[in-house]
Structures are given as structure tokens and as C-alpha cells.
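Colleague:
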Amino acid sequence: METIADWLDTFSGILFHEAVVIVVVLTGLLFTFWSFFSQYRALTHGFSVIRGKWDEKDDPGAINHFQALSAALSATVGLGNIAGVAVAVALGGPGAIFWMWIIGIVGMALKTTEVTLSMLYRNTDEADNPHGGPMWVAKEGFKKMGLGPLGSAVGGIFCVTVIISAITGGNMFQSWNVGDVTNTYFGIPPIACGIILAIIVGMVIIGGIKRIGAVAGRLVPVMCVLYLLAAVYVLFMNLGDVPRLLWMIVQAGLPEFLGGTSLNPEGAFLGATFGYAAMWGIKRALFSSEAGQGSAPIAHSAAKTKEPVREGVVAGMEPFIDTLVVCTLTALVIMSSGAWNRPAEAEYKELPELINAQRLVTTEMTRHWVFFEREGEVERFGIVLDETDDEIVFLDGNAGQREETHLTIPRDTIVTLEVAEDQWMPNTFELPRKLIAEREISGEWRRGDNAFMLVEAGLNTDTGKHVHRMYGSVRQFNDELLVVWSPFESDDEPELRDQGIYGHYAGAALTAHAFDRVTPGLGMWLVVLASWLFAISTMITWSYYGEQGVVYLSSRLPRSRQDNVVLLYKLLYCLLIAVATLGFITTDEQLDLWTTIGLGVMLWANIPIMLIFGYQAMRAYHDYMRRLKSGEMQPPHEAPPITDVVEGKDVE
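First residue of the sequence shown: 434, per the working numbering; consecutive thereafter.
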């Protein structure tokens, strides 16, 4: 019987199947050509709009164009730019960045179209508190076609997915990461971080979209500038390598018949073929920019304007800032520092032997919370270290998720104990000391560090090559550090590629390590600070997205009861920030499964809405551009002081 994890993983694979990704890309190309390359207008007219030249106090809406852009960017410019890019480079190689550029460009057209469409259908019954997004497009659009019940149902489904995404990826995933990274570097209890985050976020979101826009308008520029300055510093230290790295990105991103190159394994990099590089780049860019997912239109619908297209043009700037600027700088930092294909941090004197692990099925439940498991039984793979007539001492290959290194299992709870012929692990748990050069960068091994060795086996479905990682976790037994290896699954006997033990830096940790390779300690301070700022900005904006879903679903209630429902949602949202740091979540992959499903269903709901009603957005877009080019529309005033724009005083 499949576990919940297997089912969710399968469902996630369907939602983000290659065919779905291709449809999203083709939709972006469709609106790129249909709009005659709206990307150009986003980078020219869009800048004029956010500068405040077109802001008018009497227009319907709650915040100015700059604050709406900042609110939307605060949801996209976040941990995805730090961690998502690292995943793309680590698995897809430099070629993945080339395809992130492509998606960033077509994503600009997607954002312009979906936001314009939502602005056409936004609800402005309350001029200072408008509501918009794909749910309102579906409801009102289908109603005009005589399919009102269908529109309400589609809008309701979209709202449910928005709320799920807001609570998981927009909230709990962020707070869990902040608590984890802060505890790792500074030893502060995660729950303390969670409580502080909950208080900060609560103070902002209780104030509504105006306060969210005001905070985002200040926070987003600050956090972007801090992060970009650090990235520019790293690139300046490796300035001579930048042209070569840019060429490597292009070359690795093209197929061989166009002069592209398939990168072979090197150091910690597993290698990647063209197809896998493209797919990782496309997926990461879609996650990072949220283009086509329907979330950004919710924030932009609060903008003060009577011209729907004007805000759509502003929205087109988001993928450029998020993907083409911030993500590219992160990628260049990872590449120029050598973090992506880094050498081994330690080496065995002799190549260890790979042996079969033992499979243990027991009814003995550990005191730690195990997320996905078969009811009544726990399956483990590892090695029996000692045994008596009454019990065995078992070294669990999944010990990286627990505090225990050795598990004492009563024999009367053992269901099965056998050799697992398809599970492999090294025959040693010795942990060699780090090499001198690596100690200067990351220090000595510490309990809880993750590592891996490289093995050659069957096809790696993440890279298209035959090199895999065999993961291990550094644990302490008495006064000695050892490495507990997680068994590697393979029907045929794998072979160790070399004698090296590589430090495992996943996501944000890889980006931090890249900064540390240039200036030791920089990554620690920068990533912790950036994680706090990015997480706060993301949580406050996603709280608003979820709130709009609640407003839609409770729209038939009397106003007083609807206000109570919204307040209850906000309080629950803040509570879950702290709950996520209590320790019942053991890995980010567990929560990411739910996040992926929420975002995936949003994509499935929003792209059809764009294809069905997109012609209306394009008709409005071309009419707006005609009036702009002819001089029929002129800015009502000169650009106000930049401080007034940032604080929203120009529309008060």
C-alpha cells in the first residue's frame, strides 16, 4: 500500500509534469507575440508608472503602483531566490540559468496578461478595499457567458489552493527555515524565532493591505539592496571569470546541434544533459517568479488606478527583477565561488567497500515524530551493531532526522530483519578530518552536518547522468564524531566514484557556502539576515493572498460575520508561524510536498482562465498602447518625491 508521501509525490509529478510546463511556456510565448513584446513596455512605461507620474488620489484602489509592485515582489523575491537557484545550479548545472532567463522573459508577458485580466474584473464596491484575482475573473467572466455556477466553482477551487499555499509555502515553510538556519548558526531555539516572527507579521497583517503595502515598500528595496551588494562584492572579487561564466551558461543551455555542451560530472556536481538543464531551469523560474500561477494579480488588484493595463505593465517588471537580476546574481555567486563543483571536504585513505544494508521492520515507535510511515510498522535500513537474546542495537541509516545514533530495539517488536539486497552503504562510519583548505572555509565537522559520497549506478533521473549521491549525517557517539550513511537503493551493485566526502549544502545552505568560499563568515551573517527579511516579506504578502481567498469564499455572509472570519484567519495564520517551529516538521521536503501541490493546482486553474479570457486583456492592452502612443494619455503631474512614492503619501 502506498504511503501518503508516495501518493503526494505522484500527484505532484502530475501537476508539474513536463507537458504542463511546456503548456505554460507556450502560453507565455503566445502572449509575448500577441502583445508585440510587452516586455519592452514593462521596462520603459512601467518604470514611469512606478515612479509616480501616473498616480492619482481619486482612482479606485488602496495603494499606489510602487507599493503594489513591492507587495507582489515581496512574495516572489524571497527564499526561492536564495535556495531555488541553488537547486537549479546544483542539479541542472549552469545551463539551467539560461532557461531561467528564457522563462523570465516570457514570464513578463504572462504577468502583464494575468494582472491586466484581474484588473478588468476586480471588485471595487469598496473603493479603498478592492478585491481581485483569478477567482473573480472566473466568477464574473463565466457569468457573462451564462455559466455562473461553473465560474463560482472554479473560483472557489482556486481560493482553496491559494489558502493552502499561503499557510504552507507562504507561512510555515518560511518560519521553519528561519528557525532552522538561526538555530544552526546562533543556537537560538526555533520556537523563539517563531514567536518573534508571529508578532512581527501579526502587527503588519492586522492593519490590512495599506500597512502591508507600506511595509513592503520599505522592506523589499532594503533587502534587495543588501543582498545584491553582497553578490556584487563576490563577483567583483572574481571579475575576470564573469565573461567565461556567462558563456558557460549559454553553452550549457543549448542543445548540441546548436553548439551546446553537455556538462560531465565534476567535483560535487553530478553532471547534466541539455534536457535536464532546461527542465530544472524552467521549473525553478516558474516557482521563483510565480508567473502564470495567479498569485501576483491578487496584490496588484489593490493598486490605485482606473486603467487596468497600467498595472499589468507594472507587473511585467516582476520577472525581470526577480529572475533576470536577483536569480542571475545568485547563480553567478555560486558559480564564481566554485561552490557548485566544489572539491571533497575530506578523504578516506582507502576506498571504502560498499555492503548490503539490513532491512528492519518493527512495531517499536520512536519518540520522535515520523511524518510518513505505514500504520503500526516502521521500516528502517541500516546495520546491526550488537545483539542479545532480548534486543538488538541498530544503527539507523535515517538517523540524520533523529537525535539517536544507535537504536535499541526489543526483539519481540521485530517483524522482519533481513539483508536488503537492493540497499547499499559504505562499510565504515569513520569520519576523516576535513582538509586544511576546507577547514579554513567551513571549519571542522560538527554534529548535524550533512555529507555525501559519489557513486556510479543506473540513470539519475534528476540529471540524465549515472552519478548519484549517497548521503550521510554527522552524529556524535560518546566523544567521537562519526558519519551515519543512509542506504543507497540500487538493484545492481554501485561503485564509489572516489574516496572523497563532500559537504552537503542544499538550497540556501549552498548559497551561504558560496559566499563563505569568498569571505569566510559572510554567508552565515548574510543568509541569516536575508532569510529573516525575505521570510517576513513573503509571509505578510501571502497572508493577504490567503485573506482574499477567505473573502471570496465567505462573500455570502453578512459583513460583520465575514470580518470575523477574516480576523480568525489572520490569527490562525500567525499561530501557525510559531507552530511550524515546534519541531514536528523534520525536513523541508515534507512541507514542500504540500506547497508544490497548492502551487500546482493554482497553475492548472489559472492557465485555462488566461487562455479563455486572455483575448480581453490583449484587446485592452492594445487600446491602452494606442492611446499612449497617440498622446491621448499624458501623465497628470511630474514625478513626486521618491520618499512620498515609497510611503504612499502621493495618493493619500
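Glycine included, every Cβ here is placed at the ideal spot set by N, Cα and C.
(1) Since THR763 and ILE515 should fall inside the 8 Å C-beta cutoff, what is the C-beta to C-beta distance between them, to a whole number of angstroms?
(2) Is the CB-CB distance between PRO527 and MET768 below 8 Å?
(3) At what residues does the beta strand (DSSP E) containing SER906 begin and finish?
(4) Ignoring anything shorter than 4 residues or poking outside the region 904-966, list the alpha helix (DSSP H) runs there in chain order.
(5) To the nearest angstrom, how far is the alpha carbon of VAL611 from that of VAL510?
(6) Any idea which residues DSSP pairs ASP424 with across the strands?
(7) Per the DSSP calculation, PRO843 is bridged to which residue(s)?
(8) What's the gap between the Cα of VAL454 and the Cα of GLN472?
(9) Roughly how many angstroms lie between the CA atoms of SER993 and CYS1007, to the nearest whole one?
(10) Does the region 947-967 come within contact of the region 880-899, defined as at least 3 CB pairs closer than 8 Å?
(11) Which term fits GLN1067, buried or exposed, when burial requires 16 or more other beta carbons within 10 angstroms of its beta carbon?
(12) Taking three-plus beta-carbon pairs below 8 Å as touching, is the region 917-929 in contact with the region 846-866?
(13) Can you tell me where the beta strand (DSSP E) with THR795 in it begins and where it stops?
(14) Measure how close the beta-carbons of MET552 and PRO676 come, nearest whole angstrom, since I'm counting them as under 8 Å.
(15) Who pairs with GLU851 in a beta bridge, going by DSSP?
(16) To the nearest angstrom, how far is it from the Cα of GLN684 to the Cα of MET533?
(17) For PHE885, report the span of its alpha helix (DSSP H) as first-last.
(18) Flag this pair as touching only if the region 472-490 and the region 536-554 have three or more C-beta atom pairs under 8 Å; answer yes or no.
(19) Taking the alpha-carbon positions, what's the GLY565 to ALA1011 distance?
(20) Among ALA779, ARG844, ALA495, GLY891, which has the Cα closest to the Cα of LEU868?
(21) Quick one: using the 10 Å Cβ neighbour count with 16 as the cut-off for buried, is HIS733 buried or exposed?
(22) Which residues bound the alpha helix (DSSP H) around THR549?
(23) Three or more C-beta pairs under 8 Å: does that hold for the region 496-507 against the region 870-884?
(24) Counting beta carbon pairs with one atom in the region 690-709 and one in the region 770-778, are three or more of them shorter than 8 Å?
(25) Run the CB neighbour count on PHE1046, radius 10 Å, all protein chains shown included, and call it buried at 16 or more, exposed below.
(26) Taking 8 Å as the threshold (C-beta atoms), are GLY714 and PHE480 in contact?
(27) Please name the residue in VAL518, VAL826, LEU818, THR756 whose C-alpha comes closest to that of LEU506.
(28) Compute the distance between the beta-carbons of PRO752 and ALA724, then report whether it is under 8 Å.
(29) Compute the distance between the beta-carbons of GLU824 and VAL848, then report whether it is under 8 Å.
(30) Cα separation between ALA521 and LYS577?
(31) Does DSSP put VAL811 in a helix, in a strand, or in coil?
(32) What are the start and end residues of each continuous alpha helix (DSSP H) run of 4 or more residues lying completely inside the region 447-508, in chain order?
(33) With a 10 Å radius around its C-beta and 16 neighbouring C-beta atoms as the bar for buried, classify HIS801 as buried or exposed.
(34) Does DSSP put GLU689 in a helix, a strand or coil?
(35) The alpha helix (DSSP H) spanning VAL611 covers which residue range?
(36) Would you call PRO623 buried or exposed, if buried means 16 or more other Cβ atoms sit within 10 Å of its Cβ?
Modeller: According to the structure shown:
(1) 7 Å
(2) yes
(3) 900-910
(4) 941-951
(5) 16 Å
(6) With the chain represented from 434 up to 1085, any question about residue 424 goes unanswered, as that position is not in the structure.
(7) GLU824
(8) 21 Å
(9) 21 Å
(10) no
(11) exposed
(12) yes
(13) 787-795
(14) In fact, because the Cβ distance is near 41 Å, the residues do not count as touching under 8 Å.
(15) ARG792
(16) 14 Å
(17) Taken as a continuous stretch (DSSP letters only), PHE885 belongs to no alpha helix (DSSP H), being part of the beta strand (DSSP E) at 883-889.
(18) yes
(19) 29 Å
(20) ALA779
(21) buried
(22) 528-554
(23) no
(24) yes
(25) buried
(26) no
(27) THR756
(28) yes
(29) no
(30) 43 Å
(31) strand
(32) 451-467, 471-483
(33) Model confidence at HIS801 stands at a pLDDT of 39, short of 50, so the residue's coordinates are unreliable; what they give is reported in the following sentence. When all chains shown are included, HIS801 counts as exposed.
(34) helix
(35) 606-619
(36) buried
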